[in-house]
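Contents: one structure, followed by commentary.
Residue numbers (my numbering), protein chains in the order written: chain A, 13 to 218; chain B, 7 to 260.
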């Protein structure tokens, strides 16, 4: 049993046309036992940046709290919000600092980057190796194989916000159904220049 | 005679004084004035901007007003470079508390953290004290709106209204006679403008020299914010104060 599969969970982010989306499952469990079906894995950094954390739940919480510390100080000093791309680099550094005693997290970052609000997604492994993709990124050890398959099939470029929601919703729900330790519904956040729309999905409650 | 004891901050004089601390306070009394007024719905902080030159690049940030965290803001009087160090420390302190307790830092606790740092510079190290006084305005769940003042010695106090920097004695006495517990934000704003106009250098009061911020909590959302006072509100308050002052002058002339 890998430590990254202790709590389960899955997160996926996708790029659309002038929009980005991120989705996660809602299960919080300890190995085989499910504690809660209302625990999303996505945190808001600011209006133009969301971060999803899959992996060991306790480390997810700690890494988020550290990120919040850093981004709060950043906002006060620079008098602006941190860009998703910059946050990705900060997180990469933070995780590598713990190279020989890492946080067991698999982060996924999404947002609208820069003054042009260009859609941005990135993911990294537990020691901070970044992955910048143009289409989709995902995290979640146990659900990842199924997620890769379904995302590869359903994804196409330049999806509008509504279509992106459908694609993300279907991807997360069908992938977590293939994984015993992820699921219990899902949440999808779609971010456009106008704002963030969040929708909760009811899935198989097992 | 006293000069022998000036060179070490960590030494008392024979009369029991810490000269370096007193000299720091002297430095602050030459700096641009700042004052704070507590009201039932928020706290007004007003500051006089001294560095006004056409050559100066306009910057978003103020040299007098700083946000420490979402729920705490402060006004500065004294050496700006020293203030920056302390502000940075205060910000880190607030985030450390948030990281440990998952709650916003209580206002008085934050003030104590900064003051403990300032006090250290009056007792250890042989370094000079920070030449800064602060007015902290904040809201927390336990005690609601609070206004604190700290000085280079590391002492602090909670106030209903207070002034620091140039002419703070006269500002303080006007505040003492005119502050009322029933004040709402607009009343506090008018009092702040009135006191600033009486204690500032220039005979004419203009809005560019003043930096006025408000710390208030939105009752519906529960969010606390430290923001510059809305321009229209400021203009209205200015006009009312100016009219009132003119009326006073006319009465005196009669």
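From the three backbone atoms N, C-alpha and C, an ideal C-beta is built for every residue, glycine too. Keep in mind that this is a model prediction, so the values were computed, not measured.
Boundaries (first-last residue) of the beta strand (DSSP E) holding residue i
{"i": "residue 217/A", "result": "No beta strand (DSSP E) contains residue 217/A, which DSSP labels as neither H nor E."}
{"i": "residue 142/A", "result": "142 to 144"}
{"i": "residue 126/B", "result": "Not the beta strand (DSSP E): residue 126/B falls in the alpha helix (DSSP H), residues 113 to 129."}
{"i": "residue 53/B", "result": "48 to 54"}
{"i": "residue 56/A", "result": "54 to 58"}
{"i": "residue 204/A", "result": "198 to 204"}
{"i": "residue 71/B", "result": "71 to 75"}
{"i": "residue 46/A", "result": "45 to 48"}
{"i": "residue 37/A", "result": "31 to 37"}
{"i": "residue 31/B", "result": "Premise fails: residue 31/B lies in the alpha helix (DSSP H), 25 to 34, not in any beta strand (DSSP E)."}
{"i": "residue 275/B", "result": "The shown model of chain B, from 7 to 260, leaves out residue 275/B, and the question about it has no answer."}
{"i": "residue 42/A", "result": "40 to 42"}
{"i": "residue 26/A", "result": "23 to 27"}
{"i": "residue 159/B", "result": "First-last for residue 159/B: undefined, no H or E at that position."}
{"i": "residue 150/A", "result": "148 to 151"}
Outcome for residue i when other beta-carbon atoms lying within 10 angstroms are tallied against a minimum of 16
{"i": "residue 151/A", "result": "buried"}
{"i": "residue 203/A", "result": "buried"}
{"i": "residue 133/B", "result": "exposed"}
{"i": "residue 62/B", "result": "exposed"}
{"i": "residue 15/A", "result": "exposed"}
{"i": "residue 66/B", "result": "exposed"}
{"i": "residue 162/B", "result": "buried"}
{"i": "residue 193/B", "result": "buried"}
{"i": "residue 34/A", "result": "buried"}
{"i": "residue 168/B", "result": "buried"}
{"i": "residue 9/A", "result": "In the structure as shown, chain A starts at 13 and stops at 218, and residue 9/A therefore has no counterpart that could be examined."}
{"i": "residue 115/B", "result": "exposed"}
{"i": "residue 232/B", "result": "buried"}
{"i": "residue 91/B", "result": "exposed"}
{"i": "residue 67/A", "result": "buried"}
{"i": "residue 174/A", "result": "exposed"}
{"i": "residue 201/A", "result": "buried"}
{"i": "residue 84/B", "result": "buried"}
{"i": "residue 149/B", "result": "exposed"}
C-beta atoms of residue i and residue j nearer than 8 Å
{"i": "residue 135/B", "j": "residue 127/B", "result": "yes"}
{"i": "residue 201/B", "j": "residue 41/B", "result": "yes"}
{"i": "residue 220/B", "j": "residue 191/B", "result": "yes"}
{"i": "residue 188/A", "j": "residue 135/A", "result": "no"}
{"i": "residue 42/A", "j": "residue 72/A", "result": "no"}
{"i": "residue 137/B", "j": "residue 88/B", "result": "yes"}
{"i": "residue 22/A", "j": "residue 194/A", "result": "yes"}
{"i": "residue 171/B", "j": "residue 33/B", "result": "no"}
{"i": "residue 104/A", "j": "residue 131/A", "result": "no"}
{"i": "residue 77/A", "j": "residue 105/B", "result": "yes"}
{"i": "residue 163/A", "j": "residue 123/A", "result": "no"}
{"i": "residue 180/A", "j": "residue 26/A", "result": "yes"}
{"i": "residue 208/A", "j": "residue 59/A", "result": "yes"}
{"i": "residue 215/B", "j": "residue 51/B", "result": "no"}
{"i": "residue 111/A", "j": "residue 139/A", "result": "yes"}
{"i": "residue 124/B", "j": "residue 156/B", "result": "yes"}
{"i": "residue 164/B", "j": "residue 152/B", "result": "yes"}
{"i": "residue 16/B", "j": "residue 129/B", "result": "yes"}
{"i": "residue 140/B", "j": "residue 82/B", "result": "yes"}
{"i": "residue 147/A", "j": "residue 169/A", "result": "yes"}
{"i": "residue 171/A", "j": "residue 56/A", "result": "no"}
{"i": "residue 198/A", "j": "residue 36/A", "result": "yes"}
{"i": "residue 259/A", "j": "residue 92/A", "result": "Nothing about residue 259/A can be reported from this structure: the residues present for chain A run from 13 to 218 only."}
{"i": "residue 115/A", "j": "residue 75/A", "result": "yes"}
{"i": "residue 120/B", "j": "residue 144/B", "result": "no"}
Paired residues, beta bridge with residue i - DSSP
{"i": "residue 118/A", "result": "66/A"}
{"i": "residue 223/B", "result": "230/B"}
{"i": "residue 133/A", "result": "122/A"}
{"i": "residue 105/A", "result": "Bridge partners of residue 105/A: none, in fact."}
{"i": "residue 294/A", "result": "For chain A, the structure presents residues 13 to 218; residue 294/A sits outside this window and is missing."}
Range covered by the alpha helix (DSSP H) that runs through residue i
{"i": "residue 148/B", "result": "Element bounds for residue 148/B: n/a, residue is neither H nor E."}
{"i": "residue 235/B", "result": "Note, residue 235/B: premise wrong, no alpha helix (DSSP H); not H, not E."}
{"i": "residue 178/B", "result": "174 to 184"}
{"i": "residue 128/A", "result": "Note, residue 128/A: premise wrong, no alpha helix (DSSP H); not H, not E."}
{"i": "residue 343/B", "result": "For chain B, the structure presents residues 7 to 260; residue 343/B sits outside this window and is missing."}
{"i": "residue 158/A", "result": "156 to 166"}
{"i": "residue 180/A", "result": "173 to 189"}
{"i": "residue 194/B", "result": "191 to 205"}
Any non-hydrogen atom of the ligand MN closer than 7 Å to residue i Cβ
{"i": "residue 179/B", "result": "In terms of ligand content, the structure shown is empty, and the ligand MN therefore cannot be addressed."}
Q) Three or more C-beta pairs closer than 8 Å, one from the stretch 180 to 190 of chain B and one from the stretch 22 to 34 of chain B: is that the case here? A) As far as the Cβ criterion goes, the stretch 180 to 190 of chain B does not touch the stretch 22 to 34 of chain B, which means the pair count is below three.
Do the stretch 81 to 97 of chain A and the stretch 107 to 119 of chain A meet, that is, are 3 or more Cβ pairs less than 8 Å apart? No: fewer than three Cβ pairs fall under 8 Å.
Quiz prompt | Three-pair Cβ contact test at 8 Å for the stretch 95 to 111 of chain B versus the stretch 69 to 76 of chain B | solution = Touching, per the Cβ criterion.
Within the chosen definition, does the stretch 241 to 260 of chain B reach the stretch 76 to 86 of chain B through at least 3 CB pairs nearer than 8 Å?
Result no; under three Cβ-Cβ pairs closer than 8 Å.
_Measuring CB atoms only, is the stretch 227 to 236 of chain B touching the stretch 167 to 186 of chain B, in the sense that at least three cross pairs come out at less than 8 Å?_
With a cut-off of 8 Å, the stretch 167 to 186 of chain B and the stretch 227 to 236 of chain B do not count as touching, because too few Cβ pairs lie within range.
Exercise. Does the stretch 201 to 218 of chain A come close enough to the stretch 49 to 60 of chain A that 3 or more CB-CB pairs lie under 8 Å?
Worked result: A contact is defined here as three or more CB-CB pairs under 8 Å, and the stretch 49 to 60 of chain A meets this definition with respect to the stretch 201 to 218 of chain A.
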